[in-house]
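Structure first, commentary second.
Residue numbers (the numbering used here): 11 to 79.
Printed below as a string of structure tokens:
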């Protein structure tokens, strides 16, 4: 028998929890974390995208001074 993935084991415990309040609390925590990540990534989206666009343009043959600020 192979060792279980910790994330899978945690999800299995969550799904088999008998306490309804525990499941609701975990659901709220997961929802808040997801909401925070969406907000963070939407704020950082342009800043994260710019270096990749610059690299793409340089690879495609454009002058770095023209496309990268």
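Just so it is clear, CB atoms sit at the ideal spot from N, CA and C, and this is done for glycine as well. These numbers come from a predicted model, not from an experiment.
Whether residue i touches residue j by CB criterion (8 Å)
| i | j | result |
| --- | --- | --- |
| residue 77 | residue 64 | yes |
| residue 36 | residue 24 | yes |
Start-to-end residues for the alpha helix (DSSP H) that takes in residue i
| i | result |
| --- | --- |
| residue 59 | 30-69 |
| residue 22 | 16-25 |
| residue 74 | 74-77 |
Residue i CB to nearest heavy atom of the ligand FAD below 7 Å
| i | result |
| --- | --- |
| residue 53 | Judged by which ligands are present, the structure shown has none, so any question about the ligand FAD falls away. |
Contact set for residue i: own chain, Cβ-Cβ below 6 Å, skip 5 residues either direction
| i | result |
| --- | --- |
| residue 52 | none |
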